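Chains as they are written, first to last, in full-length UniProt numbering: chain A, 1 to 196; chain B, 1 to 196; chain C, 1 to 196; chain D, 1 to 196. We put the beta carbon where it would ideally sit given N, CA and C, even for glycine. Since this is a predicted model, take the numbers as computed values, not measurements. Everything on this sheet refers to the single structure shown next.
Protein chains: 4
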Amino acid sequence: MKLMKAAIEEILSNIESATEFIDEETVNEFMKVLTESKNVFVMGAGRSGLVAKAFAMRLVHLGISAYVVGETISPAIYDDDCILAISGSGETNTIVSAVGIAKNRGSKALALTSYPESSLGKLADCVMKVKGRTKIDIDDEDYIKRQIDGNYVSVTPLGTAFELTSLIFLDGLIAELMQKMGKTEDDLKYRHTVLE
Amino acid sequence: MKLMKAAIEEILSNIESATEFIDEETVNEFMKVLTESKNVFVMGAGRSGLVAKAFAMRLVHLGISAYVVGETISPAIYDDDCILAISGSGETNTIVSAVGIAKNRGSKALALTSYPESSLGKLADCVMKVKGRTKIDIDDEDYIKRQIDGNYVSVTPLGTAFELTSLIFLDGLIAELMQKMGKTEDDLKYRHTVLE
Amino acid sequence: MKLMKAAIEEILSNIESATEFIDEETVNEFMKVLTESKNVFVMGAGRSGLVAKAFAMRLVHLGISAYVVGETISPAIYDDDCILAISGSGETNTIVSAVGIAKNRGSKALALTSYPESSLGKLADCVMKVKGRTKIDIDDEDYIKRQIDGNYVSVTPLGTAFELTSLIFLDGLIAELMQKMGKTEDDLKYRHTVLE
Amino acid sequence: MKLMKAAIEEILSNIESATEFIDEETVNEFMKVLTESKNVFVMGAGRSGLVAKAFAMRLVHLGISAYVVGETISPAIYDDDCILAISGSGETNTIVSAVGIAKNRGSKALALTSYPESSLGKLADCVMKVKGRTKIDIDDEDYIKRQIDGNYVSVTPLGTAFELTSLIFLDGLIAELMQKMGKTEDDLKYRHTVLE
């Protein structure tokens with residue numbers, strides 16, 4: 001169980017150290033765009049897509065109209081809408097392409113990425129920098145020291161650290177949004193699906 | 001290519017013979033419920049679920065608020081909403097259960113099924129009977145005659161005939177709804193997703 | 001109910017007239033690629049994506065390993081795999097891009113499209129031409145004559161005719177595959193999900 | 001930004017305090033069942049379903065055959081398979097029903113829940129207890145003290161704490177599985193989708 005606990009510690013440590021990158025201005029701009037848009041479209045590839053969906057569910061619970069790009073009922077995006085995209089590298093093909101289309105149609109774009117200088121970062125109106133494990137970390141002496149048994153196997157492989165930190169940041173943002181919108185947990189329950 | 005053409009003929013023949021069960025009253029009741037509901041929830045299991053989704057997309061294109069049960073952003077169902085369920089047998093567990101919950105919350109229920117006397121059929125406010133291949137057909141002499149090479153292998157296995165007939169009925173209903181709502185193909189394009 | 005029946009007739013008529021484009025060689029090549037691939041990846045956008053999923057379900061029932069591009073568990077594609085893509089125009093961005101990647105990795109590509117000369121058509125190793133309603137048809141005198149009440153409103157809006165014809169062609173292909181693989185309806189039931 | 005940081009702290013604190021419930025035996029039993037099953041079926045409702053999908057992706061990356069209940073290509077479950085279900089309350093209707101069916105067909109069942117004494121907990125062969133915020137916590141003096149501004153608004157509403165703790169436990173389990181199976185991050189990359 002040593003590796004399981006090491007992985008959990010690694011994840012928690014990444015989240016803690018990543019919070020230093022969150023600044024008040026970005027959080028306020030995110031909330032402003034999310035609450036002032038007619039519809040919020042979310043998107044991400046792979047596990048980042050699941051993070052986007054988890055956030056969309058809570059937006060709906062708050063009474064914000066949200067859609068997942070690619071799901072059945074997602075309509076056209078217009079200039080009073082916004083798109084929120086999640087991509088560690090900021091270079092995922094389908095995401096950069098969709099955000100480009102959205103921007104051309106006049107929508108606002110919010111991004112979570114580890115690379116604000118990426119294609120996605122440059123397209124977005126506002127970027128929340130989410131520290132994940134990066135190539136630099138991988139070659140990093142500190143990183144190696146943190147490895148278990150000196151075997152250099154990553155305990156948080158691929159985008160794990162980025163994805164989990166993004167999810168927890170977005171759940172933190174929900175807490176802020178609840179207060180800003182004057183909502184309680186009962187308001188969220190009111191819109192929570194009952195059919196499953 | 002003989003079997004492919006035989007299967008296509010079998011499917012077309014089922015659709016043609018199934019249209020005799022469509023009556024004006026049911027069509028009008030379906031349209032009334034769909035246009036008067038605040039939100040339309042659709043559901044089906046397996047390939048019937050895909051039929052439900054294909055219909056939900058067109059409802060959205062028409063400007064009707066539609067949700068797929070089980071997708072990310074589906075909210076709670078209330079008494080000014082309706083649920084449309086698709087099940088050949090009318091006995092699919094998850095569907096009967098969800099429609100029961102919806103009815104208890106005061107929602108209207110529409111059903112497509114081959115068995116109006118099924119659990120789903122009994123729960124629904126209005127049932128569109130969709131003829132599929134049934135057990136009776138399978139033992140039927142005519143059915144056997146229609147088989148290719150006398151090998152009794154079904155060319156439209158499992159629920160194929162029911163699913164395709166349902167889909168085409170619902171696309172037919174879209175044509176009726178377009179006229180009733182005064183919509184043109186351009187109105188549909190206006191809401192068609194642009195992000196894929 | 002006049003428009004509903006007109007739409008159904010329009011759909012059936014498109015399917016019938018489209019079958020003349022199916023040729024033995026294409027059908028055989030499709031079956032060869034589908035049965036000789038280690039994994040079959042299917043994809044399509046919007047309602048064409050639902051058609052792709054409906055086909056993937058039946059492939060799985062036949063014991064062929066199939067994946068839907070973008071779903072949770074879809075793995076990497078390799079040179080012993082194939083991709084089957086469905087796009088009326090053959091120009092859908094995400095599809096052309098994914099098929100290009102698949103081809104670069106050595107996979108085979110099968111396509112259903114109304115335009116064999118499209119980007120998708122050119123990338124594919126084998127194309128099944130699926131006639132849908134096209135721009136040419138829309139300006140066509142015959143088409144107008146088929147319209148109800150002379151109101152020029154399409155009773156099969158957007159890609160409806162293409163999508164339904166594709167679905168029925170693929171279900172016809174399943175009948176061929178069943179025979180080629182020596183499978184019966186009971187074999188299909190053996191793999192049909194039981195958890196819904 | 002006070003609430004966002006408070007929510008993040010609350011989430012991290014729940015994860016830390018929940019780790020005391022993980023025991024070596026449960027972890028080993030989970031790994032044994034996951035690696036010895038022919039196919040692993042995962043399921044969860046709402047955000048717990050997204051957690052299940054995030055885990056299934058990593059299982060696939062490890063070379064374990066995994067399916068998400070309800071997705072297109074999920075086959076029938078048999079007695080050499082297992083199902084892993086995630087439900088905070090352990091009483092979600094569709095989950096208890098599906099796990100019951102799976103058990104009747106001879107499959108093994110693994111569960112993550114806050115309530116090992118729930119219907120799900122009782123059905124499962126092995127339960128990982130995942131502490132979330134419970135009714136007891138809500139009335140708890142400590143909990144209230146942790147609230148911001150004394151407004152008693154939960155900063156981690158609904159199942160947030162349970163869902164995130166489950167996800168991080170399962171990502172920890174992936175680290176253990178990687179070592180047990182002798183896999184490296186490069187092995188995971190080998191199976192990571194390339195088509196998005």
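Our contact map puts residue i next to residue j with C-beta atoms below 8 Å; I'd like the distance itself, whole angstroms only.
| i | j | result |
| --- | --- | --- |
| residue 155(B) | residue 3(B) | 6 Å |
| residue 91(D) | residue 119(D) | 6 Å |
| residue 79(A) | residue 105(A) | 6 Å |
| residue 77(B) | residue 35(B) | Going by Cβ atoms, the distance from residue 77(B) to residue 35(B) rounds to 17 Å, so no, they are not a contact pair. |
| residue 111(A) | residue 121(A) | 6 Å |
| residue 197(C) | residue 17(C) | Residue 197(C) is absent from the model: chain C starts at 1 and stops at 196. |
| residue 193(B) | residue 8(C) | That pair is no contact at about 26 Å. |
| residue 60(D) | residue 75(C) | 6 Å |
| residue 157(C) | residue 196(B) | With 8 Å as the limit, residue 157(C) and residue 196(B) do not qualify as a contact, their Cβ atoms being about 18 Å apart. |
So, using beta-carbon positions, are residue i and residue j closer together than 8 Å?
| i | j | result |
| --- | --- | --- |
| residue 69(A) | residue 55(A) | no |
| residue 169(D) | residue 22(D) | yes |
| residue 81(B) | residue 39(B) | yes |
| residue 88(D) | residue 159(D) | yes |
| residue 73(C) | residue 181(D) | no |
| residue 51(C) | residue 166(C) | yes |
| residue 45(C) | residue 95(C) | yes |
| residue 98(D) | residue 175(A) | no |
| residue 183(D) | residue 62(D) | yes |
| residue 204(B) | residue 83(B) | Limits of chain B in this structure are 1 at one end and 196 at the other, which puts residue 204(B) out of reach. |
| residue 15(B) | residue 164(B) | yes |
| residue 24(C) | residue 1(B) | yes |
| residue 10(C) | residue 71(D) | no |
Run through DSSP, which three-state label would residue i get?
| i | result |
| --- | --- |
| residue 1(A) | coil |
| residue 195(C) | coil |
| residue 23(A) | coil |
| residue 16(A) | helix |
| residue 188(A) | helix |
>> Which complete alpha helix (DSSP H) runs does the UniProt domain "SIS" (26-183) of chain A hold, if anything under 4 residues is left out?
In response: 46-61, 93-104, 119-123, 135-139, 141-146 and 160-181
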